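Just so you know, the sequences run in chain order A and B.
For the first sequence, UniProt numbering gives the first residue as 1, with consecutive numbering after it.
For the second sequence, UniProt numbering gives the first residue as 1, with consecutive numbering after it.
Every residue, glycine too, gets a C-beta built ideally from N, C-alpha and C.
Remember, it's a predicted structure, so these values are computed and weren't measured experimentally.
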Amino acid sequence: MSDMKTLFKEGMWANNPALVQLLGLCPLLAVTSTITNALGLGLATLLVLVGSNVTVSVVRNWVPKDIRIPVFVMIIAAFVTIVQLLMNAYTFGLYQSLGIFIPLIVTNCAIIGRAEAFASKNNPLLSAWDGVMMGLGFAIVLIVLGTMRELIGQGTLFDGADLLLGPWAANLRVEIFQFDSQFLVAILPPGAFLGLGLLIAAKNVIDAQIKAKAAPSSEPEKAPRARVTSLT
Amino acid sequence: MIAQSMYRNGAILTAFALVTTGGVAVVQSMTAERIALQEKQHLMQLLGQVLSADEYDNKLYLDCTSSNAPELGPGSPHIIYRATKAGEPAALLVRHVTPKGYSGNIDILTAVKADGSISGVRVTRHEETPGLGDKVELAKSDWITSFNGLTINADNAKQFAVKKDGGQFDQFTGATITPRAVVASVKQAVEYTQQNFDALFAGKNLCAGDVQ
């Protein structure tokens with residue numbers, strides 16, 4: 001069970017796909033202008049990641065090393081297409097507002113990164129858990145960034161939540177403050193870069209503090225990492 | 001030896017290709033009906049915004065024609081939905097495009113009634129700057145409703161421009177290009193539709209049997 005705990009920590013914090021591996025930044029930066037978009041893309045990525053991780057793990061012993069990448073790509077592309085069709089059918093409004101970024105999940109290197117670095121070497125259960133944790137870690141960063149940008153840029157929260165969750169969610173929209181004109185930088189792509197930079201900085205500060213506290217007593221434990229920094 | 005592993009890998013790749021495309025095909029056939037329904041609802045809701053339901057009694061998505069007129073902007077053909085009431089032509093709902101926005105094309109839907117007046121205008125897709133040019137969206141500003149009920153004739157054609165150009169439409173603070181592009185495109189589309197109203201109604205129906 002300690003494996004599961006390690007995976008939890010890796011996905012959520014120590015090896016977070018968005019904050020540490022810095023993978024999948026294109027959708028991360030492009031769609032996080034509102035919480036709704038962030039949540040929608042986060043869930044879609046999570047679904048694809050779990051599906052592809054489990055499948056890759058199940059078939060890992062039948063796939064020769066030489067052709068593993070095309071096989072992984074086919075599996076991921078199939079899952080993305082399925083998620084895209086399902087979103088088109090059941091969350092049409094959100095599908096429209098996420099647009100090109102759903103098919104672009106195929107190119108999210110976090111997904112093939114996890115398939116290659118983890119799922120192809122571990123059993124389906126652990127791989128599923130890894131998918132859930134990595135997906136959640138990614139989704140949470142998306143949501144935090146979306147919250148920051150929507151709040152600063154538009155002064156609202158959950159704008160357009162009904163597109164994702166159904167008509168009842170229209171009441172979720174809260175107007176925190178009103179602008180005469182919106183704070184443009186937060187909504188435009190530069191705001192996403194600034195926001196992500198601040199989040200990474202905050203994470204590093206917290207890490208440094210934890211390390212400083214732990215350092216005098218014992219040497220920091222080195223967990224075996226499955227980093228995929230060579231992929232971009 | 002090499003040939004053998006090539007055959008084997010080829011066979012494995014083929015098997016995976018079959019299974020994955022098979023999976024996609026199954027989901028596609030399960031969702032196709034629902035996606036068509038969603039798209040129809042979306043279209044109906046869009047058309048309903050520019051023409052109120054008591055103005056017509058036919059199924060708009062089953063009656064359309066198209067036009068390649070340059071007045072309607074690039075990217076032809078442009079779809080034109082035809083509304084009738086008791087068999088009489090009631091209105092034309094024209095999808096047109098302007099390339100003169102600040103960033104990319106702006107897609108517009110304009111409904112023109114049989115008497116030549118504008119029933120409603122909506123911007124259906126744009127990439128204008130958030131917070132400035134995007135006030136052409138109804139969700140951001142009610143500017144787009146200032147077209148409602150207007151008509152264009154020889155007397156007021158000059159009024160069909162933003163205030164900066166001597167017309168009657170407000171421009172937005174910090175964004176004149178977007179409303180100028182929208183007003184000009186609507187003007188051209190309405191003039192074109194007024195001149196070709198009967199011809200467009202006489203044209204072949206392209207949407208019949210599209211969806212039930």
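Asked	Found
Grouping DSSP H, G and I as helix and E and B as strand, with all else coil, what is Tyr95/A?	helix
Hey, Leu145/A and Ala44/A: beta-carbon distance below 9 Å or not?	no
State the Cα-Cα distance for the pair Asn204/A and Gly197/A, rounded to the nearest angstrom.	11 Å
With a threshold of 16 other CB atoms inside 10 Å of the CB of Leu18/B, please say whether the residue is buried or exposed.	exposed
Roughly how many angstroms lie between the CA atoms of Pro89/B and Arg149/A, to the nearest whole one?	48 Å
To test your reading of the DSSP string, which unbroken beta strand (DSSP E) runs of 3 or more residues are found completely within the stretch 80 to 159 of chain B?	88 to 98, 106 to 113 and 118 to 125
For the stretch 106 to 131 of chain B, which residues have a beta carbon sitting closer than 9 Å to at least one beta carbon of chain A?	Thr129, Pro130 and Gly131
Against Met74/A, what residues of chain B qualify as contacts under a CB-to-CB distance less than 7 Å, listed in chain order?	Phe16, Ala17 and Thr20
Does the stretch 126 to 146 of chain A touch the stretch 65 to 73 of chain A, meaning 3 or more C-beta pairs lie closer than 8 Å?	no
What does a CB cutoff of less than 6 Å around Ala3/B pick up in its chain, not counting 5 residues either side in sequence?	none
Following the continuous alpha helix (DSSP H) through Thr55/A, name the residue where it begins and the one where it ends.	Ile35 to Val59
Gly93/A and Gly42/A - do their beta-carbons sit closer together than 9 Å?	no
Between the Cα of Leu157/A and the Cα atoms of Tyr90/A, Thr32/A, Val50/A and Ala128/A, which residue gives the shortest distance?	Thr32/A
Would you call the stretch 79 to 94 of chain B and the stretch 151 to 158 of chain B touching, i.e. three or more CB-CB distances under 8 Å?	no
Take Gly155/A as the anchor and find which of Leu85/A, Thr34/A, Ala170/A and Ala110/A has the nearest alpha-carbon.	Thr34/A
Check for me: the alpha helix (DSSP H) holding Ser2/A runs from which residue to which?	Ser2 to Lys9
Using a beta-carbon distance below 9 Å, is Leu231/A in contact with chain B?	Bear in mind that the predicted position of Leu231/A carries a pLDDT of just 47, short of 50, making it too unreliable to give a figure here.
Could you give the first and the last residue of the continuous alpha helix (DSSP H) run that contains Thr178/B?	Ile177 to Gln195
Roughly how many whole angstroms lie between the Cα atoms of Glu127/B and Val132/A?	34 Å
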